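K.L.:
Residue numbers (the UniProt record's numbering), protein chains in the order written: chain A, 1 to 338; chain B, 1 to 338.
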C-alpha cells in the first residue's frame, strides 16, 4: 500500500490533537508525519505511534515534501497558508471556514458527497461541525423523500471552542458550585449552568454566522441550492458532542418506520430510538466515537405536508471536525485523486 | 381591602416554597395562611412575613375555612384532594397536570386568557411550565398576525424536577469534575454536562407527554383548537429557567421590528434583543424574576409563508409555576370572582 507524507497544521490544538489520535487509530498510511504549529510551540514533542515527533514551524516551506496537509488553524492562517501549501505540492484538507463557500473548493462529508472531490484543485474544505452532524442523517432522508426545508435548533458543546472552552466550563462549574466569582473569557457570558444563544458573529439578517453555515453549507453539501434552512444555535454546558433537534419537510411522504429503515442502512449513523427503554441519543454516549446517533424519530404533527422530526448527536471534535478531515483524506486515496 | 384565608398545599416542595416567597413579596391580601403537606412534614415550621407558621396535614378537613388553595402537589394527590377542597368551600389553583385538559376547568395564563376564569367551578389549572413561557410571547404575536403553527425546541432546567433535581445536577457536576462515579436517581440518565431529550413519559405517537402539553395546553390557552404544534423537549444542565427556540408560521405577515414593538407593549415580557451588544435572553439572567425575556427575533428564512423565529427564557419555578398560580389568585380577586 502506498504511504504518504502527512502534515497536521495546528497540531497542538483540540482538533489537531484529535486528528493525530484518529490518524493513529485508523492506521492511516503515513510515510512521514510532520507536526506544524505556531512559533511558541516549535520544539515541543508529541507521541505518535510510540515515537516522539517534534513540532516544526508552520510556514510555506514546511509543505515542500507533504502529500496531504490537514489544517486545524484559524481562518486567517488558513487564508494565507493553504494556497502556499498547495503551491508546494500538498493537498490541503482545511477545517477553517475560509474556503467552504468558495465555488472552486469542494465542501465534503464523505458519506454524503464524495463525488465532488474529483473537482478539487488542491484545497478541500471540511464543513462546519453542526452542519456535518446534520448532513449525515439528512442525506439518506433526502434520497428517500426529497428534502424541501430544515428547521434546526442546536445544543452545542463547549469543545466547539477548543481546549480553552472545555477549561472554562470546568473551572466555571467548580466556581459556581463553590459560590466563587467567575470571569468569562472564552465565551461572551457565563457558560456553567447557563445557555448562550450565540455562536460566531451576528450577520445582518440577525442570524449568527454559525446558523448561516447550516443554511449555506447545507445547500452546497447536499447540492440543493433552493433548500430552505432555518437554524438556531445555542452553546450548552456540555463538554463534548453537539445535539440537534431537527424538523424537516419533504417532497414525498416518509413515515418514522421508513426513516428508521433508511437511516439504519446509511453509512456513519446509528439509530438509537427505543424510547420505551429510555434509549435516545445523548452527548455523553456519543463522545469519543465516530457515529452520528439518531433517535426520537417521529411524524411532525404540526406539518400540513410531509414532515418528520428527529434528534441527533455527534462528537463534533471527531465527526464534526478531525475524523471528517481524515475520512476526506482516506476517500481521496481510495478514489485515486492523489 | 378584603383579606383571604390562603392555603399552600405541598408547602415544602420547590414550587410550594416559591409560592410562599411570592405571596410574601407581592403582599397578597392574606387574613390567615395555612401550610399543608404530607404527614412526615407536619409540625415543621416555615417563616412567613416574619412569623413561624406550622405545617398541618394536607387532608379534606384542612380546607374548611380556606378561600384560596394553591396546590403544588402530584397529579395523584390533586386528583383526590382538589374536589374535596372545593367541596369545603375553597377555590383551588392547581399546579399539577391532572385538571388541565378537563373541559370544565379553566387553564389560565393571566396575561393571555384571564376571561376564561369567569367559567370556573372551583378548580383552576395552572399550565405546564414550558407552555406558560411560550404562551406569554405567543399571545401578542397571535393577536397581531394570527398564529397557524408553532415549532418549538426547549432547553429545560433541572429545577423543573423540583429541589431533588437541583441537588442531583450539583452533586453529579462535582463528581464528574472530580472523576468520581455518579448514580442517576431523579433523571433517567446523567444530567451533569449532558442533555436528556426526554421529559415526562412517552406517548403512543413517540412524543413525550411534556411535548404534547405544549400541543394540547397551547391550543386550549390560546383558544385555537386547530393550532399546529410540534415540540421537542430536552433537559439541560441548567439550574433554573427554561429556554425555548421557537419558530412560528402566521396568517398575516409580521416583520421582526413589528414583533419587537408588539412584544414590548405586551404584559409579562421583556424584549432583550441587542445582538450587537451580546444581549439576548439567557437562563442566568431570567432566574428569580418574573418576566419572560424574548430575543433573537428574526425572519424565518426557511418559510415560504409568514414566518418568525425567536428565543425566550423564563424562570419556570416562578412564572412557569408559582408566580402564575399567585397571579391567577390575584386576577380572581380583581375580577371579583371570589
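Ideal Cβ placement from N, Cα and C applies to all residues, glycine included.
Source: prediction; values computed, not measured.
(1) Locate the alpha helix (DSSP H) running through residue 78 of chain A, then write down its first and last residues.
(2) DSSP three-state call for residue 216 of chain B: helix, strand or coil?
(3) Determine the chain A residues that contact residue 215 of chain B at a beta-carbon separation under 9 Å, and present them in chain order.
(4) Spell out the partners DSSP gives residue 46 of chain B in its beta bridges.
(5) How many angstroms separate the CA atom of residue 335 of chain B from the CA atom of residue 5 of chain B?
(6) Rounded to the nearest angstrom, what separates residue 231 of chain B and residue 210 of chain B at their Cα positions?
(7) So, is residue 217 of chain B buried or exposed, given that buried needs 16 or more other C-beta atoms within 10 angstroms?
(8) With a threshold of 8 Å between beta carbons, is residue 174 of chain A in contact with chain B?
(9) Just grab the DSSP bridge partners of residue 307 of chain B for me.
(10) Are the stretch 254-270 of chain B and the stretch 150-170 of chain B touching, with three or more C-beta to C-beta distances below 8 Å?
(11) Compare the C-beta of residue 151 of chain A with all C-beta atoms of chain B and state if any pair is closer than 8 Å.
(12) Going by beta carbon distance, what residues of the same chain come within less than 7 Å of residue 166 of chain A, once the five residues before and after it are set aside?
(13) Hey, is residue 355 of chain B's beta-carbon within less than 8 Å of any beta-carbon in chain A?
(14) Whose CA, out of A:285, A:319, A:182 and A:141, lies closest to the CA of residue 265 of chain A?
(15) With H, G and I counted as helix, E and B as strand and the rest as coil, what does DSSP make of residue 97 of chain B?
(16) Who are the Cβ neighbours of residue 331 of chain A in its own chain at under 7 Å, not counting the five residues just before and after it?
(17) When we look at the beta-carbon of residue 91 of chain B and count the other beta-carbons within 10 Å, is it buried (16 or more) or exposed?
(18) Please classify residue 225 of chain B as buried or exposed, where buried requires at least 16 other C-beta atoms within 10 Å of its C-beta.
(19) Determine which residues share a DSSP beta bridge with residue 242 of chain B and list them.
(20) Roughly how many angstroms separate the alpha carbons of residue 34 of chain A and residue 120 of chain A, rounded to a whole number?
(21) Consult DSSP for residue 37 of chain A and reduce its assignment to one of helix, strand or coil.
(22) Could one say the Cβ of residue 243 of chain B lies closer than 8 Å to chain A's Cβ atoms, at least one of them?
(23) Looking at C-alpha atoms only, which residue of B:134, B:205, B:84 and B:315 is the closest neighbour of residue 276 of chain A?
(24) Evaluate residue 49 of chain A with the Cβ neighbour count: other Cβ atoms within 10 Å of its Cβ, from every protein chain shown; 16 or more gives buried, anything less gives exposed.
(25) Assuming residue 194 of chain B contacts residue 283 of chain A under a Cβ cut-off of 8 Å, what Cβ separation, rounded to an integer in Å, is found between them?
(26) Using a 10 Å radius around the Cβ and a threshold of 16 neighbouring Cβ atoms, would you call residue 10 of chain B buried or exposed?
(27) CB residue 88 of chain B to CB residue 63 of chain B, shorter than 8 Å?
(28) When you check each C-beta in the stretch 221-251 of chain B against every C-beta of chain A, which residues fall closer than 8 Å?
(29) What are the start and end residues of the alpha helix (DSSP H) that includes residue 286 of chain B?
(30) Can you tell which of B:179, B:273, B:190 and B:19 has its C-alpha closest to the C-alpha of residue 94 of chain B?
(31) Give me the chain A residues within the contact set of residue 282 of chain B, using Cβ-Cβ distance strictly less than 7 Å, ordered along the chain.
(32) Closer than 9 Å by beta-carbon distance: list the chain A residues that pair up with residue 60 of chain B, in chain order.
(33) Can you tell which of B:106, B:80, B:81 and B:127 has the C-alpha that lies nearest to the C-alpha of residue 97 of chain B?
(34) Can you pull the DSSP bridge partners for residue 295 of chain B?
(35) Is the stretch 182-194 of chain A touching the stretch 185-202 of chain B in the sense that three or more CB pairs, one from each, lie closer than 8 Å?
(36) Might you give, ordered along the chain, the residues of its own chain that have their beta carbon closer than 6 Å to the beta carbon of residue 307 of chain B, omitting 5 neighbours on each side?
P.N.:
Walking through what the data contain:
(1) Looking at the DSSP string, the run of the alpha helix (DSSP H) that includes residue 78 of chain A is 75-87.
(2) If DSSP states are grouped into helix, strand and coil, residue 216 of chain B belongs with the helices.
(3) Result: 301 and 302.
(4) According to DSSP, residue 46 of chain B bridges with B:53.
(5) A straight line joining the alpha-carbon of residue 335 of chain B with that of residue 5 of chain B spans about 18 Å.
(6) Straight-line Cα distance between these residues: approximately 9 Å.
(7) So residue 217 of chain B ends up on the buried side.
(8) A Cβ of chain B is located within less than 8 Å of the beta carbon of residue 174 of chain A.
(9) Bridge pairing for residue 307 of chain B: B:249 [DSSP].
(10) The stretch 254-270 of chain B is not in contact with the stretch 150-170 of chain B.
(11) Cβ-Cβ to chain B under 8 Å: yes for residue 151 of chain A.
(12) 158, 159 and 239, listed in sequence order.
(13) Since the displayed chain B opens at 1 and closes at 338, residue 355 of chain B lies outside it and no answer follows.
(14) For residue 265 of chain A, the nearest C-alpha among the options comes from A:141.
(15) It is coil, neither helix nor strand.
(16) If we look at residue 331 of chain A and ignore the five residues flanking it on each side, its Cβ neighbours are 110, 114 and 117.
(17) It is buried - the Cβ of residue 91 of chain B has at least 16 other Cβ atoms within 10 Å.
(18) Its Cβ having fewer than 16 others within 10 Å, residue 225 of chain B is exposed.
(19) The partner list for residue 242 of chain B (beta bridge, DSSP) reads B:314.
(20) Cα to Cα, residue 34 of chain A sits roughly 23 Å from residue 120 of chain A.
(21) Of the three classes helix, strand and coil, the one that applies to residue 37 of chain A here is strand, per DSSP.
(22) So, interface residue.
(23) Comparing Cα-Cα distances from residue 276 of chain A to each of B:134, B:205, B:84 and B:315, the minimum goes to B:205.
(24) Residue 49 of chain A should be labelled exposed.
(25) Contact between residue 194 of chain B and residue 283 of chain A holds: CB atoms are separated by about 5 Å, below the 8 Å threshold.
(26) Burial call: buried.
(27) Going by C-beta atoms, residue 88 of chain B is nearer than 8 Å to residue 63 of chain B.
(28) Within the stretch 221-251 of chain B, the residues whose Cβ lies closer than 8 Å to some Cβ of chain A are 228, 229, 230, 232, 234, 236, 237, 238, 239, 243, 245 and 247, listed in chain order.
(29) Per DSSP, residue 286 of chain B belongs to the alpha helix (DSSP H) from 283-286.
(30) The alpha carbon of residue 94 of chain B has as its nearest neighbour, out of B:179, B:273, B:190 and B:19, the alpha carbon of B:19.
(31) Under the 7 Å cutoff, chain A gives 189, 194, 195 and 196.
(32) Those within 9 Å of residue 60 of chain B in chain A number zero; the least Cβ separation is about 37 Å.
(33) Taking residue 97 of chain B as reference, the option from B:106, B:80, B:81 and B:127 with the minimal CA-CA separation is B:127.
(34) In the DSSP output, where bridge partners are listed per residue, residue 295 of chain B has B:311.
(35) In this structure the stretch 185-202 of chain B does not lie against the stretch 182-194 of chain A, because fewer than three pairs of beta carbons, one per stretch, are closer than 8 Å.
(36) Closer than 6 Å at the Cβ level, and outside the excluded window around residue 307 of chain B, lie 249 and 300.
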